[in-house]
Amino acid sequence: MKKLIIANWKMNPISLKEAESLFNSFKKEIKNIKDIEIVICPPFIYLSDLKLKNLKLGAQNCFWKNQGAYTGEISPLMLKDLGVEYVIIGHSERRNYLGETDEMINKKLLAALESGLKVILCIGETLEQKKGGIQKKVVQKQLNLDLKEIKNLKFKIKNLVVAYEPVWAIGTGNYCQPEEALEMINFIKLKTKSLKLKTKVLYGGSVDAKNVAGYVKYPEIDGALVGGASLNPTEFKKIINKIINEVSKSLKT
Ligand code: PGA
Numbered sequence: 000m001k002k003l004i005i006a007n008w009k010m011n012p013i014s015l016k017e018a019e020s021l022f023n024s025f026k027k028e029i030k031n032i033k034d035i036e037i038v039i040c041p042p043f044i045y046l047s048d049l050k051l052k053n054l055k056l057g058a059q060n061c062f063w064k065n066q067g068a069y070t071g072e073i074s075p076l077m078l079k080d081l082g083v084e085y086v087i088i089g090h091s092e093r094r095n096y097l098g099e100t101d102e103m104i105n106k107k108l109l110a111a112l113e114s115g116l117k118v119i120l121c122i123g124e125t126l127e128q129k130k131g132g133i134q135k136k137v138v139q140k141q142l143n144l145d146l147k148e149i150k151n152l153k154f155k156i157k158n159l160v161v162a163y164e165p166v167w168a169i170g171t172g173n174y175c176q177p178e179e180a181l182e183m184i185n186f187i188k189l190k191t192k193s194l195k196l197k198t199k200v201l202y203g204g205s206v207d208a209k210n211v212a213g214y215v216k217y218p219e220i221d222g223a224l225v226g227g228a229s230l231n232p233t234e235f236k237k238i239i240n241k242i243i244n245e246v247s248k249s250l251k252t
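Below you can see the structure in the form of structure tokens.
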């Protein structure tokens, strides 16, 4: 399976001009990459202006209805129409700041998959939950609720990706040790397998060029979700190169 790298720009940058220049730097830095899949997730309003050959586009959220009186929302079909391939659902920043519940996340996930979008579902425990030793319980509950009724979709379930993102590691520089991430990712894979899903599972949380190889060297870790470091084209290129290195090492062994 190809490693998958998601660049989550979050609510950055603040002008289209800057977004285009960031995108153009990516274009220069990342050429002829075949062995890994790279997805850029800019804010909604830049999606229609940014189109690149080697890179795919993702959105950071979507609503659960395709059309109608839902002020301020963006629908899965609107994203499809723009050529967007992926959508992030259930990011912890949306859970925390926007009050997104697992029920809402489940509705969004089903609607997005139904429309043909590929979904990156984010799950992970808070620091308090980790300290309490209940991180597996937490992700299991999130999976149960967020993936409810997914079996009924039949054909689209292969489009699901899960990102294990411990909340305490996001934007803190305090990344999860690769062995710990591996244990959680294996646990998540076991759970999704029991739902008859064969999903890629990524790691996310303070990924940078120094720590990325530690994750992707494991065949079980299918890639990374990169936030802050994806806003710096030079750093992002280093991350990509580290991943390509690990991929070619694994092909040789
Ligand atoms: P970070 O963000 O890489 O800046 O920690 C990751 C994320 O929010 O998905």
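Residue 208 in numbering that gives the first Met the number 0 sits at position 209 of the sequence shown, with consecutive numbering throughout.
Backbone N, C-alpha and C define an ideal beta-carbon position, used for all residues, glycine too.
Here the structure is a predicted model, which means the values were calculated and not measured.
Beta-bridge partners of residue i, as assigned by DSSP
i, result
"Y36", "Contrary to the premise, residue 36 reads as Glu rather than Tyr in this sequence. Per DSSP, L3."
"K117", "Y85"
"G224", "Here residue 224 is Leu; the residue named in the question, Gly, does not match the sequence. I5, G203, per the DSSP bridge assignment."
"G123", "Answer by DSSP bridge pairing: none, since G123 is not bridged."
"V160", "I119, K199"
CB contact flag (residue i, residue j, <9 Å)
i, j, result
"I35", "K9", "no"
"L196", "I149", "yes"
"A208", "A180", "no"
"L97", "L230", "no"
"C40", "N7", "yes"
"D145", "D80", "no"
"W167", "L201", "no"
"V206", "Y214", "yes"
"K293", "N158", "Only positions 0 to 252 of the chain appear in the structure, and residue 293 is not among them; the question remains open."
"Q139", "K190", "yes"
Per-residue burial, residue i [other beta carbons within 10 Å of its own, 16 or more giving buried]
i, result
"I44", "exposed"
"G67", "exposed"
"I104", "buried"
"N151", "exposed"
"P165", "buried"
"T252", "exposed"
"S74", "buried"
"G204", "buried"
"K107", "buried"
"I187", "buried"
"Y174", "buried"
"D221", "buried"
"L56", "buried"
"G89", "buried"
"M0", "exposed"
"L250", "exposed"
"I169", "buried"
"Y163", "buried"
"N256", "Absent from the structure is residue 256, since the part of the chain shown begins at 0 and ends at 252."
Simplified DSSP state of residue i, which is helix, strand or coil
i, result
"Y174", "coil"
"Y202", "strand"
"I242", "helix"
"L142", "helix"
"A208", "coil"
"L194", "coil"
"G57", "strand"
"M10", "coil"
"T233", "helix"
"N65", "coil"
"I184", "helix"
"S74", "coil"
"L49", "coil"
"L97", "coil"
Review point. Taking one C-beta from the region 222-237 and one from the region 12-30 each time, how about it: are there three or more such pairs within less than 8 Å?
Key: yes
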